[in-house]
Every structure is written in structure tokens, then in C-alpha cells.
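A short worksheet on the structure shown next.
Residue numbers (the UniProt record's numbering): 1 to 366.
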């Protein structure tokens with residue numbers, strides 16, 4: 001289901017969206033065989049199905065490990081609560097910002113409360129009896145109440161003004177983003193859309209564009225920024241430059257990791273690492289956090305230094321939606337070949353960073 005959701009969204013963003021990569025490259029208008037809102041609705045529904053499947057898997061595994069012999073009732077309750085949360089926050093016409101950590105914490109807390117209920121009564125209560133029904137009612141009411149109290153607008157809002165601050169055209173601001181952004185998906189928190197889509201809307205980047213449009217030989221006012229540094233050198237395959245993971249998995253001796261590598265390689269090339277987050281997994285796995293942060297920060301450090309020393313031209317121009325980040329520096333700097341070579345150098349460094357960690361991870365006992 002995760003593969004289906006990822007590839008469906010990827011197909012939409014590469015071939016069907018008017019601003020996507022292939023319509024822009026081959027200069028054709030995508031056929032409107034289906035209403036775009038229906039495409040978005042299907043894509044969002046697949047994302048929600050992923051949550052429901054994860055709810056079942058996590059609940060069953062957690063309670064089985066805790067020694068609960070029959071987890072059927074908490075499975076039903078957790079599934080119902082996840083469904084309720086989806087309904088309360090449902091979005092048809094735009095991509096939902098899904099913070100998986102909220103669902104994970106909710107599922108674990110509910111499962112833990114059921115374990116203690118089962119343990120306290122020493123399994124003497126009747127299945128689906130009044131105690132079970134009372135517990136379920138309390139849990140559902142608490143979950144809905146907490147969900148209504150959460151500042152969801154802040155969690156799902158726009159950060160365009162925030163990242164447009166002049167702080168993020170300086171070394172400290174860029175490096176702070178390079179360190180923090182990989183931590184977000186590792187925790188199960190959605191990355192702000194400004195970090196992977198329409199970055200040229202940020203004020204420093206749009207100011208650079210305006211300067212170039214006014215005079216071809218103009219000196220751009222903000223050569224080092226989130227677009228020319230972080231997006232170009234620290235987002236190769238997604239947050240944490242995880243394209244390197246897909247490459248290494250292709251050469252792994254174990255077939256299950258090779259299969260994951262083949263499934264994830266195309267989405268990773270086009271900046272989607274969701275299959276790796278759930279399939280390896282990366283999310284909430286401590287050993288994978290360090291290489292993600294190292295790859296991101298070293299990439300930004302190399303890019304910032306090279307642009308600061310005028311070795312490279314900064315990425316200025318907009319590129320089609322979901323363009324491979326390996327080519328972003330080259331395309332957005334008007335085919336400046338040293339930029340492409342620098343990105344490939346950074347990618348080689350990320351391969352070296354990930355190699356020992358993946359060697360250990362793929363030998364771990366399940």
C-alpha cells in the first residue's frame with residue numbers, strides 16, 4: 001500500500017500536473033482524462049490507508065510483545081480512532097500534512113492502556129463486557145478531545161514568511177536547517193512544504209531572480225540561501241540525502257533489501273524517501289539519525305563554502321516540479337557544469353557516510 005501511494009503520487013507529479021517535470025521538458029499539456037481534484041483525492045486516500053494499515057500492524061505487534069493473547073478488541077478501537085482522526089482532519093483538494101508521530105503516539109498509548117487494563121483484571125473480565133466498553137468510550141472521547149485541542153493550524157500552516165527571514169541566508173541559519181530537517185521525518189513529523197516545493201517563492205530567492213531578470217550581469221544579493229545550498233546539496237533523494245541508501249541496498253546480499261532498493265530507487269531519484277522511512281525502516285530508528293544529519297550538514301557545508309568562494313554559481317532559476325535534486329544545481333544555474341560536478345562529489349560523500357551504518361543495519365536481527 002505504501003508503494004502504491006508513493007508511485008501514484010509520483011506519477012501525478014511527474015506526468016499529470018501542468019508544472020511537473022515531463023510536461024515541462026517535452027512541452028506538452030497533460031491530458032485532463034480525470035478531474036485533478038479526483039486525482040488528489042485518490043492520492044490522499046492512499047496516504048490515509050497507509051495510516052490505517054500501520055495502525056493495525058503496530059497495535060498487533062505491540063500487544064503481542066506485551067503478552068496480550070487476544071488483541072482483537074484494541075485492534076478495533078485503534079482502527080476506529082485512526083479512522084476518526086482521519087475524518088476530522090480530512091482534505092480532498094490539497095495534499096494533507098500528515099504527522100505520523102501523532103498517530104504513533106496515540107496508538108501506543110491506547111495499546112499500553114489496554115495492556116494495563118488486561119493486566120489489572122488478570123484477564124478475568126468478559127470479552128467486550130461493560131469494562132471493555134467503558135474503556136473504549138473513555139479512550140475515544142479523550143482522543144477526540146485532545147485532537148480538537150491541538151493547534152492543528154500551526155502544525156499544518158505555511159512557513160513561507162518564516163523561511164523568508166534574512167537569518168536563512170547566513171551560514172548559521174542554513175546549517176540549522178540542514179541539521180533539523182532530517183530529524184523531522186525521522187520523528188514522523190512532516191517537513192514544511194517550503195523545503196521541497198516552490199522554494200523560489202521564498203523572498204531571498206525571488207529577490208535573486210528579479211535581480212537577474214533586470215540585468216543578466218547583475219550580482220545576486222543573496223547567493224547563499226536555502227535554495228542554492230540546502231535544496232541543492234542536502235536534499236538528494238529527500239531529507240537526509242537518502243538516495244545513497246537506495247543505491248547501497250541495490251548491492252546488498254539479502255534479497256529483501258535488494259527488493260526495497262529497487263522499489264525505492266525511482267522515488268528517491270525524484271526526492272521521495274517515504275518507502276525507506278517505513279520499509280528499512282528509518283523512522284524512529286536511532287542508528288539512522290546520525291548519517292542523515294551528517295549527510296545533510298556536510299552537503300550544505302560544501303555547497304555554502306563553494307558558493308562563498310565563487311567556485312560555483314548559485315542555483316537561481318526555478319526548475320520543474322519534482323526535478324531530481326542531483327540536477328538542481330546544474331539546471332538552476334543555467335547549465336553550470338561545475339555545479340553538477342560539485343553535487344556528484346557531495347553525493348559520493350553521502351555514499352561513504354551511509355555505508356558503515358547500512359552495513360550494520362542490514363545485519364541486524366529482526
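Even for Gly, the Cβ is constructed at its ideal location relative to N, Cα and C.
Cβ-based burial, residue i [other Cβ within 10 Å; buried from 16]
i: residue 165; result: exposed
i: residue 161; result: exposed
i: residue 132; result: buried
i: residue 319; result: buried
i: residue 268; result: buried
i: residue 40; result: buried
i: residue 286; result: exposed
i: residue 1; result: exposed
i: residue 221; result: exposed
i: residue 298; result: buried
i: residue 67; result: exposed
i: residue 129; result: exposed
i: residue 137; result: exposed
i: residue 74; result: buried
Sequence-distant residues of the same chain with beta carbon closer than 6 Å to residue i, five excluded per side
i: residue 314; result: 223, 228, 307
i: residue 78; result: 55, 59, 107, 110
i: residue 279; result: 260
i: residue 5; result: 46, 47, 50
i: residue 264; result: 246, 275, 276
i: residue 22; result: 14, 15
i: residue 351; result: 244
i: residue 117; result: 135
i: residue 187; result: 101
i: residue 407; result: For the chain, the structure presents residues 1 to 366; residue 407 sits outside this window and is missing.
i: residue 192; result: 159
Backbone secondary structure at residue i - three-state DSSP
i: residue 321; result: strand
i: residue 20; result: strand
i: residue 283; result: coil
i: residue 196; result: coil
i: residue 121; result: coil
i: residue 239; result: coil
i: residue 1; result: coil
i: residue 29; result: coil
i: residue 251; result: coil
i: residue 270; result: coil
i: residue 210; result: helix
i: residue 185; result: helix
i: residue 149; result: helix
i: residue 112; result: helix
i: residue 99; result: coil
i: residue 132; result: helix
i: residue 234; result: coil
i: residue 201; result: helix
i: residue 70; result: coil
i: residue 190; result: coil
i: residue 215; result: coil
i: residue 257; result: helix
Nonlocal neighbours in the same chain, by C-beta distance under 8 Å from residue i, ignoring five residues either side
i: residue 140; result: 77, 80, 81, 84
i: residue 349; result: 295, 298, 299, 302
i: residue 289; result: 182, 183, 186
i: residue 167; result: 173
i: residue 345; result: 302
7 Å Cβ shell around residue i - same chain, five flanking residues per side excluded
i: residue 218; result: 211, 212
i: residue 195; result: 181
i: residue 147; result: 85, 88
i: residue 144; result: 84
i: residue 171; result: 304
i: residue 322; result: 13, 14, 20, 21, 270, 271
i: residue 254; result: 362
Cβ distance (whole Å) where residue i is taken to contact residue j below 8 Å
i: residue 232; j: residue 325; result: 7 Å
i: residue 316; j: residue 332; result: 6 Å
i: residue 70; j: residue 43; result: Not quite, the Cβ-Cβ distance comes to about 36 Å (not below 8 Å), so this is no contact.
i: residue 149; j: residue 230; result: Not quite, the Cβ-Cβ distance comes to about 34 Å (not below 8 Å), so this is no contact.
i: residue 309; j: residue 336; result: That pair is no contact at about 15 Å.
i: residue 240; j: residue 175; result: Residue 240 to residue 175, Cβ: 15 Å. No contact.
i: residue 329; j: residue 273; result: Incorrect: roughly 19 Å between the Cβ atoms, too far for contact.
i: residue 97; j: residue 190; result: 5 Å
i: residue 248; j: residue 334; result: About 33 Å; that fails the 8 Å criterion.
i: residue 226; j: residue 202; result: 7 Å
query: Where are the beta strand (DSSP E) runs, 3 residues long or more, that stay fully inside the segment 32 to 68, in chain order?
result: Counting only unbroken stretches of 3 or more residues, no beta strand (DSSP E) element lies wholly within the segment 32 to 68.
- request: Just list the alpha helix (DSSP H) runs in the segment 298 to 365, keeping only unbroken ones of 4 residues or longer that don't cross its boundaries, in chain order.
  value: Listed in chain order, the alpha helix (DSSP H) runs fully inside the segment 298 to 365 are 328 to 331, 337 to 361, counting runs of at least 4 residues.
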